[in-house]
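Structure follows, in structure tokens:
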């Protein structure tokens with residue numbers, strides 16, 4: 004059975020006003036667009052402090068309560084049995100929507116949110132992280148970015164502000180502190196040893 008929905012019929016005057024408004028909006032966007040283009044990968048977008056990115060696991064803190072797996076709305080978390088008999092979470096990023104419900108549900112803070120978001124893999128199976136893979140950040144291959152871009156609205160206009168490369172280094176250092184606190188190896192140390 005096919006259900007057809009008919010658009011509401013207006014008067015001729017209402018239709019003309021509707022189309023005129025649409026044309027004016029299109030003309031405004033063409034003359035003075037309220038959007039910006041980032042020249043990726045040379046420019047990367049500034050990420051706010053509480054951005055929901057890649058999730059790390061502190062195995063030492065995990066109590067195998069399964070709360071993270073139960074909280075996941077898309078069943079992206081699979082529990083793996085370790086040699087010690089406990090179960091630890093692994094995440095399939097092919098399914099994960101980065102809602103961080105698992106991070107919020109963890110009663111001991113074993114799942115650690117990070118601002119890492121720009122991750123690409125060659126093989127489909129590489130995005131399935133087991134617990135031991137989640138205890139350190141993904142291997143950092145290269146960074147082509149020259150500057151970080153931040154948006155600001157001033158006098159009703161959207162402005163593109165370039166932050167220095169030091170901003171990226173500062174973010175990496177902050178992430179390294181989080182990793183060191185959880186007992187993992189810092190990202191900077193791993194990338195320099197490669």
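Numbering (this note's numbering), first residue to last: 4 to 197.
By construction, the Cβ of each residue, glycine as well, lies at the ideal position given by its N, Cα and C atoms.
Between residue 123 and residue 53, the alpha-carbon positions lie close to 22 Å from each other.
The beta carbons of residue 82 and residue 96 sit no closer together than 8 Å. Taking one beta carbon from each stretch, the segment 54–62 and the segment 113–133 have 3 or more pairs nearer than 8 Å; the two touch. In the DSSP assignment, the residues bridged to residue 83 are 91. With contacts defined by Cβ atoms closer than 8 Å, residue 49 and residue 153 form a contacting pair. Remark: C-beta atoms of residue 181 and residue 117 approach each other more closely than 8 Å.
Beta-bridge partners assigned by DSSP to residue 58: 116.
Judged by DSSP in its simplified three-state form, residue 39 adopts coil rather than helix or strand.
For residue 48, DSSP records a beta bridge to 152.
With fewer than 16 neighbouring CB atoms inside 10 Å of its own CB, residue 29 falls in the exposed class. The Cβ-Cβ distance between residue 99 and residue 74 does not fall below 8 Å. Rounded to the nearest whole angstrom, the C-alpha separation of residue 63 and residue 113 is 8 Å. Around the beta carbon of residue 125, fewer than 16 other beta carbons lie within 10 angstroms, which makes this residue exposed.
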